[in-house]
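First up is the structure itself, then whatever we jot down about it.
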Amino acid sequence: MKYPIGIQTFEEVISGDYVYVDKTALVYQLIQTGKYYFISRPRRFGKSLLTTTLESYFQGRKDLFKGLAIEQLENEWTEHPIFHLDFSGDPYVEENTLNSVINDFLVEQEELYGKRESETTFGLRFAGVVRRAYEKTGQKAVILIDEYDKPLTDVMDNLELKERNRVTLQGLYGILKKADKYIRFAFLTGVTRYGKLGIFSAANNPEDISMSDDYSSICGITEEELHSYFDDEVQAFADKLSVGKDELYLRLKRKFNGYRFSINGESVYNPYSLLGSLKSKILENKWFATGTPSFLALMLKNNIFELSKLEDGLNATAESMSSFGNDEDNLTAALYQSGYLTIKDFDGREYYHLGFPNEEVKDGFVRYLMKEFSGRDRSELDGDIKNLRDMIEADDVEGFMTQIQMIMGQIPFENKEPDMIELHFRNMIYLMIRSTGHEVTLERPVLGGRIDIFFETEKCAYIIECKRNLSAKEALAQIDEKRYDKKISAPDKKRVKIGVNLSTEDRNIVEWVIQSL
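For the sequence shown, the numbering used here begins at 7 and goes up steadily by one.
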């Protein structure tokens, strides 16, 4: 089987005899029921493949759809002039990059359809070629814009350039209104939604299908599709791992499934990670290896919050989930739209409960945050985390506390406020222990109080109390006073109490006291 990994063009997938999971029934439904659409999906989720599938359809390429669902649904196969503008390839951090990309696109179209001297703006030039394409071919145009938001998300930390790019895009997307009578269909994709920034104020607002039940699986691979298209490949993978096929299906589901883009829609697999693992026959975190959006890295550094809360998930309204770009401090929206959180439940009225979609994201996100928050080289950090893991698994308490102190001593604390130093410290403790593969809870509620830090190994349950600029003995005394060790459920495990003194001056642990029961 040939896997279309890294191939984003429908024509190349079909002509190259790569496996294609048939989404053409949904494509046909989309085409027949509306005119202007927008969809938001995380990176590497097949947005470009979907866009080029639409492109091939509107080119009248019936030959490419042989054997697919749409072949039985469509009879006409009319060729339309296509205007496909892809913003995914360039970084837009330089002042003139966006203008150069748009100008190059329009020059190419003007060579085909001509130009008038009075068309001096991008909006006028775009509307002009669309109108002349209709006059030349007798068919209305199709507008396809891939990663429409990238010129904005690339420059989130440069507000002046972002505003210039916004105004430029607003003028360009005005084509949807200026040339409406010459347009048959328009489709835009992106990671984020900037609906309230006025980008489409000069346009006919496209219908947002990002959270539509009808199109929840138009990108990604469903459980049924995995079994239907890849059953033999899963069997071969299972044989290599010497496990049963049913067991491997469960592992794949835990690892890569769980993305849910509407409350009643099917959950889907990340296609990039799933296909990559089926090809290599290794359960790898391939999605994370492709990088994290620059805007998310920037937000995570600028918005310090209790990271452990992500373990239990966050609550949000549909409006707040889609408001990133309008409210750039909305980390919940950024995490959801980027694919790091997904819909887990809905209260039936207003609030969605969001959580990590699967093990790949949950584990990979922690490792990513550890690198970003520590500011250290990946190879050096990996060595330190491995040492910490070995000591924790050996229940070498003195050893792993010393290792935590050593790692913490190499981390820059940019904020000098005592409360922020303590919060940063707690986040780093969480990330360090979580990076070793152990579940860890901050502020674990128990009767009469909250345990600062709690985690378990096979043999021990660890209760850690941190005091800021106070002695470790005072921290240990609080554990005894609150009787935390009596209020946890850890049958047949040794309880280990650790009192810690965090110095805001040294920005590190300066002492600890250990007591085992």
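Ideal placement from N, C-alpha and C gives every residue a C-beta, glycine not left out.
Close Cβ partners of A324 (< 7 Å) along its chain, the five nearest in sequence each way excluded | M217, Y358
Measure the C-alpha to C-alpha separation of P97 and D160 and round it to an integer number of angstroms.
-> 7 Å
Grab me the residues of Y5's own chain with a C-beta within less than 7 Å of its C-beta, minus the 5 sequence neighbours each way, in chain order.
-> Since the first and last residues shown for the chain are 7 and 523, residue 5 lies out of range.
Taking DSSP as the reference, what is the three-state secondary structure of H359?
-> strand
Starting from I457, follow its DSSP beta bridges and name the residues at the other end.
-> R450
Could you pull out every unbroken beta strand (DSSP E) segment of at least 3 residues lying fully inside the stretch 34 to 71, listed in chain order?
-> 42 to 46
Give the single residue among P363, R67, V197 whose Cα lies nearest to the Cα of Q343.
-> V197
Does any residue of chain D bring its CB to less than 8 Å from the CB of T59?
-> Within the model displayed, chain D is absent; a lone protein chain is all it includes.
Find the nearest neighbour of Y490 within the set R450, W518, V516, D512, judged by alpha-carbon distance.
-> R450
Specify the secondary structure class of G129 as computed by DSSP and reduced to three states.
-> helix
Beta-bridge pairing of H90 - partner residues as DSSP gives them | L150
Helix, strand or coil at W293 [DSSP, three-state] | helix
Consult DSSP for R489 and reduce its assignment to one of helix, strand or coil.
-> coil
CA-CA distance, G389 and S21?
-> 45 Å
Considering F191, what are the terminal residues of the beta strand (DSSP E) in which it resides?
-> 189 to 196
What whole-angstrom Cβ distance do T348 and L337 have, given they're in contact under 8 Å?
-> Not a contact, Cβ separation roughly 15 Å.
Buried or exposed by the 16-neighbour rule on C-beta atoms within 10 Å, applied to S279 = buried
Residue interval of the beta strand (DSSP E) (run including E517) = 514 to 522
Could you check what DSSP says for Y278 in three-state terms: helix, strand or coil?
-> helix
Report the three-state DSSP secondary structure of K350 (helix, strand or coil).
-> strand
N1 - DSSP class collapsed to helix/strand/coil | What the structure shows of the chain is the stretch from 7 to 523, and residue 1 is not part of that stretch, so it cannot be assessed.
Is I520 near E399, with beta carbons less than 8 Å apart?
-> no
Extent of the continuous beta strand (DSSP E) to which A322 belongs = 320 to 323
So what's D214 in DSSP terms, helix, strand or just coil?
-> strand
Pick out whichever of Y265, E471, V516 has its Cα sitting closest to the Cα of Q409.
-> V516
Do L523 and K500 have their C-beta atoms within less than 8 Å of each other?
-> yes
By the 10 Å Cβ neighbour count, where 16 or more other Cβ atoms means buried, how is N588 classified, buried or exposed?
-> Outside the displayed span of the chain (7 to 523) sits residue 588, for which this structure offers no information.
Does the stretch 35 to 51 come close enough to the stretch 179 to 198 that 3 or more CB-CB pairs lie under 8 Å?
-> yes
Three-state secondary structure (DSSP) at K168?
-> helix
E462 in three-state terms, based on DSSP = strand
Reference N105, options T127, N81, Y265, closest by Cα | T127
Just the C-alpha distance for I224 and E213, rounded to the nearest angstrom, thanks.
-> 15 Å
For S509, the first and last residue of its enclosing beta strand (DSSP E) | 500 to 509
Give me whichever residues DSSP pairs with I269 in a beta bridge.
-> Beta-bridge pairing links I269 to no other residue.
Since H444 is in the alpha helix (DSSP H), which residue starts that stretch and which ends it?
-> Per DSSP, H444 belongs to no alpha helix (DSSP H) and is neither H nor E.
Find the nearest neighbour of C472 within the set S54, I435, I494, R50, judged by alpha-carbon distance.
-> I435
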